[in-house]
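Each residue of the sequence shown is one higher than the one before, counting from 1 in UniProt numbering. Working notes, structure below.
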Amino acid sequence: MVDVRRVKLPGVGVLHTFVTDDGGKVGVIAHRSGHSDLITFSDDEDGPDSNKVSLRLSEDEAHTLAELLGGTQITESLTALDQIPGLSIDWFTVDYDDHIAGQPLGNPADRGIAGLTVVAVVRGESANPAPAADFKVFPGDTLVVAGTPEKVAKAFAFFRTGELKAKAAIDAPPGG
């Protein structure tokens with residue numbers, strides 16, 4: 001089985017990479033906008049003669065390539081979830097200096113983020129689905145959250161700083 005590394009690219013999407021049997025490195029950047037980049041690359045140690053290729057694919061082209069390469073139903077299911085309008089499912093990895101580190105998870109609604117759900121907390125090799133409000137979060141944990149993109153961003157800001165950004169007054173008159 002091929003070992004695939006998944007790296008979140010904030011504001012961009014997700015990078016999936018693996019190394020082939022002959023030492024080649026392959027990656028796919030799945031952008032939030034729907035298009036994907038198929039890339040091959042090398043490390044600096046591979047020398048200046050190494051080949052690098054990047055190919056931009058539309059969502060439909062990426063789908064076609066996945067089918068040609070034997071795409072799985074799991075990939076299809078995850079792609080379908082990503083296409084639900086207004087839903088964002090994202091991962092937040094807790095660092096030592098984050099506000100949430102060492103704290104109970106709490107209830108997002110009690111913290112001013114109604115409509116956000118912490119689906120699970122991943123710790124090491126185990127997942128803690130639907131954690132209770134008193135579940136203590138530690139550095140290295142990964143929080144899996146679901147909500148609107150705005151609420152997910154607000155939750156991530158709170159997890160980092162402990163502060164919620166004030167909502168801008170949209171209907172306020174100029175200078176008021």
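Just so you know, even glycine gets a beta-carbon here, dropped at the ideal spot from N, CA and C.
Check, Outcome
"For L143, the residue or residues it bridges with in DSSP", "F92, V121"
"For L65, three-class secondary structure by DSSP", "helix"
"Helix, strand or coil at P131 [DSSP, three-state]", "coil"
"Status (buried if at least 16 other CB within 10 Å, exposed otherwise) for T72", "Interpretation of T72 is limited by its pLDDT of 47, a score under 50 that renders its predicted location unreliable; the figure taken from the coordinates is listed afterwards. Classification of T72: exposed, given that the 10 Å Cβ count is below 16."
"CB of A146 within 9 Å of CB of V137, strictly", "no"
"Test item: CB-CB of V26 and T20 under 9 Å", "yes"
"Test item: CB-CB of P139 and L105 under 9 Å", "no"
"Endpoints, alpha helix (DSSP H) assigned at K151", "149-161"
"Burial state of F18 (16 or more Cβ within 10 Å)", "exposed"
"Contact check, R123 vs T148, beta carbons under 9 Å", "no"
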